[in-house]
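Reading through the C-alpha cells given below for one structure.
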Amino acid sequence: MVETQPKLVIVGGGPQDAQELAKLVGDRYEIAHQPDDQSVQSVLRALGEGICIIDPAGRMTWSNEYFTALEESVRREVRSLCVQAADSVGTLHDDARGALVTKHEIQSSDGTRIFDVYITGIAERNDQGVHAGRVAAIVRDVTLSKLAERKMNALDRAGFELVRLDVDEIKEMNAMQRLQLLEKRIVRYASELLNFDHFGIFLIEQSSNRLRLVMQAGLPEEIQDLDLYLENEGSGITGYVASTGNSYICNDVTQDERFLPGLSGARSSLTVPLRVCDRVIGIMDIESVTPGAFDEQDRMYAEIFGRYIAMALHMLQLLVTERTETNMIACDRVSGEINEPLDDIETEISWLDEHEKNADPETRDHIKRIMLDVESIRNRVRSVTSGSQSLLGVDQAMLEREKDPALIGKRVLIADDNSKIRKIIGEVLQYRGCETTVVCDGVEAIAMLEAIA
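Just so we're aligned: the sequence shown equals residues 604 to 1056 in the numbering used here.
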C-alpha cells in the first residue's frame, strides 16, 4: 500500500491563478490546470491516464475515454481488482492522512504493454461509520519506464558476470586466455542486451597516448592498423571521445568529418568512454549500417555497460601486474640461488679453455657447449619475467600484424582528395610491408611519378 500526493485540478481561470494557488499549497498538492471550464470530464480526458469508477457489484459507473480505449483484457483485470478492493473501502481511508491507495501491476494480453493500477475507495458515510462504496482506479501506462528498469537490471547482472572471476576457471589461464574469455562475455552481452553487433574496444597506451584495439566484433581486421591517438582532432571520433571523456553519437557518417571508416557500409556510430574512478582508460566504438541507429537511451545503456567493461579490463590488468611482480620476485630468488654455482662453472670452463688449447676438437666442442648451456640457463631465468606486463602487451600478441610477403618492399603511390581515405589506406599498406607515398590529388601524383622517372 502506498500513499500518493493529492492532485488538485483547477477548472477555469488563467495560468497566473494556477501559479498563485501553487505557491499557497506548496508541495502538498500536484496542480493540474485546465483552462477550459466546460466540464470536469474534459480535464480527466486530458490527464493521459485511464480513470474509472466501479461499484461493489463490479458495474462501471463512469470512465474516461483513455480507459475505454484500453483493450478488454486490461479493463477486465482492472474491474476485478476494484471488486476485490470494494470490501475493504474502510481500510483505504484515513481521516487524518487522507486516501490510501493500493498499487498493482498488470500487462496487456500480448505482454507488450505494462500498466500500474492505483485503486482507492470512495467511502460512503452514515451514522454507523464508513461503509463499502464505489472504488476509483487510475491506470497508468508505464511500459517505457518498466522496460528501462528491466534493461538496467539485466545490465547489472551482465556487469556482475563481466567482473566475476571464477578461481577454478581462470587459475590455469594465462593473460591472453583471460582476455579472450572476457571478450566472449562482452560480445555475448552486447549482442543479447543492447543489439550491438559491430563494435571495437580500444585502450589507451599511457606511454604514447595511442589507442590500441584490444577486442572487436563484426569489424574488419584492418581496423587494427589505424593509428589513433588521444587527441581532439586527427584521430576521428575515437580520439575525440578518449580525449574529452564525452560520449558521441554520429547520426550520419557522411556528414561528420570526425568519422573514420571502420565497418563496411557504416552509416551511424555511438562512441562512449571507458572509465575507472573518473579516469578514461579507453573507449567503446559501436557502428551500424542504419542511419540514425542510436538515441539517448542507447547512449545511457552503452555508458553503463562501458563502466562494467572498464572495471573488468582493470581487474585483468591488476592480475597481469600481480603475476609479473610475483614472477620477478621468484626470478630474483632463483637467480640469487644459482648465480654462485653458475659463476663457478664459468670459472672452471674458462680455466679449461685456457689450459686445454691443444685439446682435440671434440673436447673443445664440449667445453663450448657447457658455456652455451650456462648462458642458456641465465637467459631462461630472465625470460620468466619477460613478455607482456600489461593488457596492451597481451593484445599485441593476439593481434600481431604479419607483413604480406607479396607486398614487402613494394612502393605504392596513394592519391585521394579525402584525407581520411588517404590516412587509412596508407596505414594499412604500411603495416603490410609496403613503402607508401601519399598525395592529395592527381596533379601531385603525376608530378611525383615524373620526378621518379
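Note that the Cβ used here is the ideal one computed from N, Cα and C, for glycine as well.
DSSP three-state assignment for residue i, whether helix, strand or coil
i	result
L758	helix
E836	coil
R878	strand
G885	strand
A1018	strand
S711	coil
S867	coil
S666	strand
R861	coil
K1006	coil
M1001	Residue placement at M1001 cannot be trusted, given a pLDDT of 45 that sits under 50; the coordinates are not used to answer.
D947	helix
A672	helix
R967	helix
A845	helix
For residue i, the residue or residues it bridges with in DSSP
i	result
I952	Beta-bridge pairing links I952 to no other residue.
E890	S872
G1012	None; G1012 has no bridge partner.
Y721	K706, I741
I654	I741
L831	L814
I907	Its beta-bridge partners do not exist; DSSP assigns none.
C685	Its beta-bridge partners do not exist; DSSP assigns none.
Y851	T874
Separation of residue j from residue i, as counted between CA atoms
i	j	result
Q710	F718	6 Å
D1019	V1041	8 Å
A689	G651	25 Å
H958	T950	12 Å
L747	V1046	57 Å
E825	L919	26 Å
F670	I656	11 Å
D830	R870	22 Å
G724	C685	9 Å
E1038	L816	24 Å
A751	V745	10 Å
G1012	M1051	19 Å
Does the segment 846 to 855 come close enough to the segment 779 to 799 to have 3 or more Cβ pairs within less than 8 Å? Result no; under three Cβ-Cβ pairs closer than 8 Å.
What are the complete alpha helix (DSSP H) segments, minimum 4 residues, inside the segment 742 to 825? 746 to 766, 770 to 773, 778 to 797
Which whole runs of the alpha helix (DSSP H) in the segment 1021 to 1049 are 4 residues long or more, in chain order? 1022 to 1034
For the segment 828 to 848 against the segment 894 to 904, are there 3 or more C-beta pairs whose distance is under 8 Å? Between the segment 828 to 848 and the segment 894 to 904, the count of C-beta pairs closer than 8 Å stays below three; the two stretches do not touch.
Are three or more beta carbon pairs between the segment 750 to 769 and the segment 677 to 687 nearer than 8 Å? no
Contact between the segment 941 to 950 and the segment 908 to 917 (3+ Cβ pairs under 8 Å): Judged by Cβ distances under 8 Å, the segment 941 to 950 makes no contact with the segment 908 to 917, as fewer than three pairs qualify.
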